[in-house]
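> I'd like to ask you about the structure that follows.
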Amino acid sequence: MSHLHEECGVFGIYSPATDDLASMTYYALYALQHRGQESAGIVVNDDGVFSYAKGEGLVSEVFNPGNLSSLGRGNIAVGHVRYATTGAKLLQNVQPLIVNHHKGRMALCHNGNLSNSYALRTRLEEQGAIFHTTTDSEVISYTIVQERLKTGSIEGAVSAAMDVIEGAYSLVISSPQKLIAARDPFGFRPLCYGETADGKIVFASESCALDAVGAQLVRDLLPGEIAVADSGGVRFDTTHCHIRPKRFCVFEYIYFARPDSVIDGASVSRCRRNAGRFLAQEHPVEADIVIGVPDSGLEAAIGYARESGIPYAIGFTKNKYIARTFIAPGQAQRAQGVGIKLNPIRDVVEGKRVVLIDDSIVRGTTCRHIARLLWNAGAKEIHMRVSAPPFRKPCYYGTDIDSEDVLIANRMRTEDIAREIGVTTLGYLSIDNVRRLAGEDTGFCTACFGGGYPTAIPPDGAKNRFETKISEKKKV
């Protein structure tokens, strides 16, 4: 079940000939909808003239035939779907961010979180910058614009900005003539590159968005790599590559990404089945069926069943018309949302010893409710297996866990958590095996599991740190 807030999804497309790129971007954002359900936006660039449509809500709620057609045709388009990991759910925070400066315009889409955004924003404000949003994405845009005023190209400005900003960022940027994509040197967040049969160049958070617009995946951008698409084709700058150890967010494989995506050469679906296989090896149990919590727990459940020899079954019916439960603002609403969204299939679980596979436990509230649903449906035993290690630390790189206080694994031992959420036994995937999900250990960030932070820890990493800062100023 969804316990975590995910980050965002970015998309960009360059066409050698003027085309209806708004519609293609719309389809791509639909494919990336799972990465952000709070807002969406599209900017179409027709030879330096930017047209945009954006708003709060799902892609289907923000866009319609009228506002899509009003964007017209162009050579470049960028799009974004958002879940707020820095900055509140406000209209002014909806991306793409559009910036005007005397060397042109820029539309920026960002996935990730900066770890030094507070310090950078403070410095920029002291230099006279006026911020219109409460996101760290605007810090990136200001930094790039400052560098653009000193450099001869937008890609040079992005490269210079990467010497200043720290943390997680996958960027897609439109200048008047170029489409730029950049991935941070640690490679925290995914960003891939593809091409269509008629020569369009495409960048996206996941390969499923390329599939949606008929583009062929070429490869993922390297950590630290910058790509530039314009009338001369596509070229790459590797100046910032291999200067940091790769620290890809393992939760992209466990939960965030769509199972049909391929990230850094690894199938997300296969990684989740591997998680289930490792869980069966680490935490075997005698049981009658294995079931997964939709959606990300299903393939891990298949892996557990295959490895253990215990039959796999579909144990829940999911209401597909309810938004993800973690969007609910409070614990009571979150639990109520789970009850609306999921219902156990009594004929499958009644009288059975059930292995229940889920992707994570954060607070424990959602898992407790799911266990109660299974007990009420007549389950004889519930053996919960989690395809991630216990959460012990906040994340500063795009996953919405900003306080140790909410993490149940910081307050209880595993056996106590099992009693608290109401299951017979509980087992987590080990850090050693989570590093092997994609095969060899290719370099994952495991900071949220207590594995150490790749960057300096920010003094204030709260999601609403910029809103708090503004309110404090009003008191002065």
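If you want the numbering used here, it's the position in the sequence shown, counting the first as 1, plus 15. In this text, a Cβ means the ideal position worked out from N, Cα and C, and glycines have one as well.
What does DSSP give as the partner residue(s) for Cys207 in the beta ladder?
Ala219, Asp235
> Quick one: what's got a C-beta closer than 6 Å to Gly51's C-beta in the same chain, skipping five residues either side?
Cys23, Gly24, Val96, Arg97, Tyr98
> Are the beta-carbon atoms of Ile423 and Ile376 separated by less than 8 Å?
yes
> Once the 5 residues before and after Gly467 are set aside, which same chain residues still bring their CB inside 8 Å of it?
Thr461
> How would you label Asn358, buried or exposed, when you count the other beta carbons within 10 angstroms and need 16 or more for buried?
exposed
> For Ile472, name the three-state secondary structure that DSSP assigns.
coil
> Take the Cβ of Glu314 as the centre, count every other Cβ of all protein chains shown within 10 Å, and call the residue buried at 16 or more, exposed below.
buried
> From the DSSP output, in three-state form, read off Ile91 for me.
strand
> With a 10 Å radius around its C-beta and 16 neighbouring C-beta atoms as the bar for buried, classify Thr511 as buried or exposed.
Residue coverage of the chain in this structure runs from 16 to 491, which leaves residue 511 outside it and unanswerable.
> Could you tell me whether the Cβ of Ile180 comes closer than 8 Å to any Cβ of chain C?
As a matter of chain content, chain C is missing from the structure shown, which is built from one protein chain.
> How would you label Gln110, buried or exposed, when you count the other beta carbons within 10 angstroms and need 16 or more for buried?
buried
> Following the continuous beta strand (DSSP E) through Arg400, name the residue where it begins and the one where it ends.
396-401
> Ignore the nearest five residues each way along the sequence and tell me which others in Ile188's own chain have a CB closer than 8 Å to its CB.
Gly27, Val93, Met121, Ala122, Leu123, Cys124, Ile159, Ile169, Val173, Leu194, Ile195, Ala196, Ala197
> Out of Ile360, Tyr412, Asp373, Ala302, which has the shortest C-alpha to C-alpha gap to Gly393?
It is Ile360 whose Cα lies nearest to the Cα of Gly393.
> Note the first and the last residue of the continuous beta strand (DSSP E) segment covering Ala315.
Ala315 -> not in any beta strand (DSSP E); alpha helix (DSSP H) instead, spanning 311-323.
> Could you pull out every residue in the same chain whose Cβ sits closer than 8 Å to the Cβ of Leu389, ignoring the five residues on either side in sequence?
Gly330, Pro359, Val364, Val369, Leu371, Ile397
> Throw me the rounded Cβ distance for the Gly247 and Leu225 pair, which I believe falls under 8 Å.
Incorrect: roughly 22 Å between the Cβ atoms, too far for contact.
> Give every residue of the same chain whose Cβ lies closer than 7 Å to the Cβ of Asn128, excluding the five residues on either side of it in the sequence, and list them in chain order.
Thr100, Thr101, Asp151, Gly182, Ala183, Tyr411, Tyr412, Gly413
> Anyone know if the C-beta pair for Pro31 and Gly214 falls short of 8 Å?
Yes, these two residues count as a Cβ contact at 8 Å.
> Is the separation between the beta-carbon of Pro205 and that of His255 shorter than 8 Å?
no
> Would you tell me roughly how many angstroms separate the C-alpha atoms of Lys408 and Asn425, rounded to the nearest one?
Rounded to the nearest angstrom, the two C-alpha atoms are 8 Å apart.
> Who are the Cβ neighbours of Val265 in its own chain at under 6 Å, not counting the five residues just before and after it?
Val449, Phe459
> By how many angstroms is the C-alpha of Gly307 removed from the C-alpha of Thr340?
Unreliable positioning characterises Thr340 in this predicted model, as indicated by a pLDDT of 40, which lies under 50. The coordinate reading is nonetheless provided below. Going from the Cα of Thr340 to the Cα of Gly307 covers about 17 Å.
> Do Val228 and Ala55 have their beta-carbon atoms positioned less than 8 Å apart in this structure?
It is not a contact, given that the beta carbons lie outside the stated cut-off.
> Taking all protein chains shown into account, decide if Asp235 is buried (16 or more other Cβ within 10 angstroms of its Cβ) or exposed.
buried
> How should Asn391 be labelled, buried or exposed, when 16 other C-beta atoms within 10 angstroms of its C-beta is the threshold for buried?
exposed
> If we count the other Cβ atoms within 10 Å of its Cβ and call it buried at 16 or more, is Ala212 buried or exposed?
Counting Cβ neighbours within 10 Å, Ala212 comes out exposed, since fewer than 16 surround it.
> Run through DSSP, which three-state label would Phe406 get?
coil
> By Cβ distance below 6 Å, which residues in the same chain neighbour Tyr336 in space, the five residues on each side in sequence not counted?
Closer than 6 Å at Cβ, skipping near neighbours: no residue.
> Would DSSP call Asn358 helix, strand or coil?
Note: Asn358 maps to strand in three-state DSSP.
> Can you list the alpha helix (DSSP H) stretches of 4 or more residues lying completely in the region 105-192, in chain order?
Note on the region 105-192: whole alpha helix (DSSP H) runs with a minimum of 4 residues are 132-141, 151-163, 169-176, in chain order.
> From the DSSP output, in three-state form, read off Cys382 for me.
For Cys382, the secondary structure class from DSSP, reduced to helix, strand or coil, is helix.
> What residues are listed by DSSP as bridge partners for Arg198?
According to the DSSP secondary-structure assignment, Arg198 is paired through a beta bridge with Ser185.
> Could you give the distance in angstroms between the alpha-carbon of Glu140 and the alpha-carbon of Leu441?
49 Å
> Could you check where the alpha helix (DSSP H) with Ser30 kicks off and where it finishes?
That residue, Ser30, is in no alpha helix (DSSP H); its beta strand (DSSP E) goes 23-34.
> Where DSSP assigns a beta bridge to Phe251, which residues make up the other side?
Ala242
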